[in-house]
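Engineer: At the far end of the sequence shown sits residue 428, using my numbering, and the numbering has no gaps. I have a structure here, written as structure tokens, and I will follow up with some questions on it.
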Amino acid sequence: MNLDLTEEQSLLQKTVRDFAESEVRPLAKELDETGRFPHATFKKAAELGLTGIALPESEGGANFDHIAYTIVIEEISRCCASTGVILSVQNSLYCDPIHRYGTPEQKKKFLEPFARGEKIGCYALTEPQAGSNAAALQTKAVLHGDKYVLNGTKAWITNGGAADAAIVYVNTHPEKGEKGITALLVEKGTAGFKTGKEEKKLGISATACCELIFTDCEVPVSNRIGNEGEGYKVALSTLDGGRIGIASQAVGIAQGAFEAAQKYAQERLAFGHPISQFQAIQFMLADMVTDLDAARLLVRKAAWKQDTGARFSMDAAIAKLFSSEMATRVTHKAIQIHGGNGYSREYPVERNYRDARITEIYEGTSEIQRLVISSWLLRS
Ligand SMILES: Cc1cc2nc3c(=O)[nH]c(=O)nc-3n(C[C@H](O)[C@H](O)[C@H](O)COP(=O)(O)OP(=O)(O)OC[C@H]3O[C@@H](n4cnc5c(N)ncnc54)[C@H](O)[C@@H]3O)c2cc1C
Numbered sequence: 049m050n051l052d053l054t055e056e057q058s059l060l061q062k063t064v065r066d067f068a069e070s071e072v073r074p075l076a077k078e079l080d081e082t083g084r085f086p087h088a089t090f091k092k093a094a095e096l097g098l099t100g101i102a103l104p105e106s107e108g109g110a111n112f113d114h115i116a117y118t119i120v121i122e123e124i125s126r127c128c129a130s131t132g133v134i135l136s137v138q139n140s141l142y143c144d145p146i147h148r149y150g151t152p153e154q155k156k157k158f159l160e161p162f163a164r165g166e167k168i169g170c171y172a173l174t175e176p177q178a179g180s181n182a183a184a185l186q187t188k189a190v191l192h193g194d195k196y197v198l199n200g201t202k203a204w205i206t207n208g209g210a211a212d213a214a215i216v217y218v219n220t221h222p223e224k225g226e227k228g229i230t231a232l233l234v235e236k237g238t239a240g241f242k243t244g245k246e247e248k249k250l251g252i253s254a255t256a257c258c259e260l261i262f263t264d265c266e267v268p269v270s271n272r273i274g275n276e277g278e279g280y281k282v283a284l285s286t287l288d289g290g291r292i293g294i295a296s297q298a299v300g301i302a303q304g305a306f307e308a309a310q311k312y313a314q315e316r317l318a319f320g321h322p323i324s325q326f327q328a329i330q331f332m333l334a335d336m337v338t339d340l341d342a343a344r345l346l347v348r349k350a351a352w353k354q355d356t357g358a359r360f361s362m363d364a365a366i367a368k369l370f371s372s373e374m375a376t377r378v379t380h381k382a383i384q385i386h387g388g389n390g391y392s393r394e395y396p397v398e399r400n401y402r403d404a405r406i407t408e409i410y411e412g413t414s415e416i417q418r419l420v421i422s423s424w425l426l427r428s
């Protein structure tokens, strides 16, 4: 593994950093306060190829690798964590499984316009009673002729309120448990499909995260991704890539908070000195950058492994576990370095601290990452 970025990756990093500083950072506070979904920013990101980063051009993508994907999500999240996860869901949770499992017809309709960022996608696995144990999902789909009829409710769906299509995980044969789970593409506007309550959250408030409700909703068989009963495999393999995205989001949030704390420490005076002259503050900054460096390396290692075509489930879980808990540690210290001002909404580290927390929960909690890692360790 070569740790240097390629010329192409370096150029992308610079382009995305400039874009994030000029178009994303100025909106972050307002998005946090209003919860408004950033449609215009999404369109501008699409013009840079950020809605289909690692997809081939023939499928509407920008043809970068997954290391480039981690760079994009980090750079965007460094300025706005909501915008970071909106793009992560679009790339990893929506486009990627259609790229890997979709038919040519599905790719034309449900992938290309989404990879180009003309449309927004979401991934609907979780239900009110089934999160970590997603195999217990209860949304049912019964086959009638050439249509499935769906009934059930999905919860906590990022991009849900803004999405043009959802990948919905249903059970077509409940008696088979997880082997009955099937993935279906459902378009916005389909009769019997509506969005439910939008969640009021601790952080990442601009993600249109809501319930999706299906009542006798008819979906053509041609919208099925893979075969009946393959949905759980589609869902879990998709989360492997998604976890690298969330780990990148965590690194970006923490990087933003670190930079703010580093600057503040050199400006703030106490006892007649910049607080950066106190060893207690210096050591916090040293620990923060050490934590960040370790997390970024784990993220890039997992993405590199994905790019080689090898199984990377354990690497993705390690990267997500470490990076998400790192982001909580680093943003906690960033507030400490800001003292009382760190507790104020006037300073971005307060938002960084709230935004960081979700990375330990979604796409598998830290406990679930530890289960994934230990199950790989103890395989016989
Ligand atoms: C803001 C936000 C956005 C989200 N976006 C999406 C989305 O786009 N699509 C989607 O499908 N889902 C989404 N989710 C759902 C998310 O993935 C789940 O919330 C998460 O997987 C945890 O499930 P749960 O909330 O049901 O918690 P539970 O499963 O009820 O877990 C509660 C606690 O028990 C622990 N626990 C559970 N089982 C075990 C076990 N076997 N061993 C040890 N500890 C365990 C958990 O780690 C946790 O600490 C989102 C959630 C949030 C909050």
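Built from N, CA and C at the ideal position, the CB exists for glycine as well.
Does the region 357-368 come close enough to the region 284-295 to have 3 or more Cβ pairs within less than 8 Å?
Structural biologist: Cβ pair count under 8 Å is three or more, so yes.
Engineer: Hey, would you say G290 sits closer than 9 Å to G132, going by beta carbons?
Structural biologist: Result no, Cβ atoms of G290 and G132 do not sit closer than 9 Å.
Engineer: CB-CB under 7 Å to P222, same chain, minus the five flanking residues each way: which ones, in chain order?
Structural biologist: If we look at P222 and ignore the five residues flanking it on each side, its Cβ neighbours are K188 and G228.
Engineer: For Q138 and T99, what's the separation of their Cα atoms in angstroms?
Structural biologist: Looking at the two C-alpha atoms, the distance is approximately 6 Å.
Engineer: Using the three-state DSSP reduction, which class does P145 fall into: helix, strand or coil?
Structural biologist: P145: helix per DSSP, three-state reduction.
Engineer: Look up A256 in the DSSP assignment and say whether it is helix, strand or coil.
Structural biologist: Coil, per DSSP.
Engineer: Have a look at I119, F158, D264 and E246 and flag the residue whose alpha-carbon is nearest the alpha-carbon of I215.
Structural biologist: The shortest C-alpha separation from I215 is found at F158.
Engineer: Is the Cβ of E235 closer than 9 Å to any Cβ of chain C?
Structural biologist: No chain C is present in this structure, which holds just one protein chain.
Engineer: Would you check if there are 3 or more beta carbon pairs closer than 8 Å linking the region 178-198 to the region 261-272?
Structural biologist: Yes, they touch.
Engineer: Between the Cα of T82 and those of I421, S414, K249 and H321, spot the shortest distance and give me the residue it belongs to.
Structural biologist: It is K249.
Engineer: Hey, how far is the Cα of D339 from the Cα of L233?
Structural biologist: Approximately 39 Å, taken between the alpha carbons.
Engineer: Evaluate contact between the region 314-333 and the region 383-400, counting only Cβ atoms and requiring at least three cross-stretch pairs below 8 Å.
Structural biologist: Enough Cβ pairs lie closer than 8 Å, so yes.
Engineer: Return the Cβ separation of T32 and I261 in integer angstroms, given the expectation that the two are a contact with Cβ distance under 8 Å.
Structural biologist: Any property of residue 32 remains undetermined from this structure, which presents the chain solely from 49 to 428.
Engineer: Just how far apart, CA to CA, sit H114 and G304?
Structural biologist: Approximately 22 Å between the Cα atoms of the pair.
Engineer: Quick check on DSSP: helix, strand or coil for F262?
Structural biologist: Looking at F262 - three-state DSSP - the assignment turns out to be strand.
Engineer: Is any heavy atom of ligand 1 found at a distance shorter than 8 Å from the C-beta of V420?
Structural biologist: No.
Engineer: Is C170 helix, strand or coil by DSSP?
Structural biologist: Here C170 sits in strand by DSSP.
Engineer: Enumerate in chain order the residues of its own chain whose CB-to-CB distance from D212 is below 6 Å, with the five nearest sequence positions on each side excluded.
Structural biologist: K167, I168 and K236, listed in sequence order.
Engineer: May I have the straight-line CA-CA distance separating S423 from Y149, to the nearest angstrom?
Structural biologist: Approximately 26 Å, taken between the alpha carbons.
Engineer: In whole angstroms, what is the alpha-carbon distance linking P152 and S136?
Structural biologist: Between P152 and S136, the C-alpha separation is close to 23 Å.
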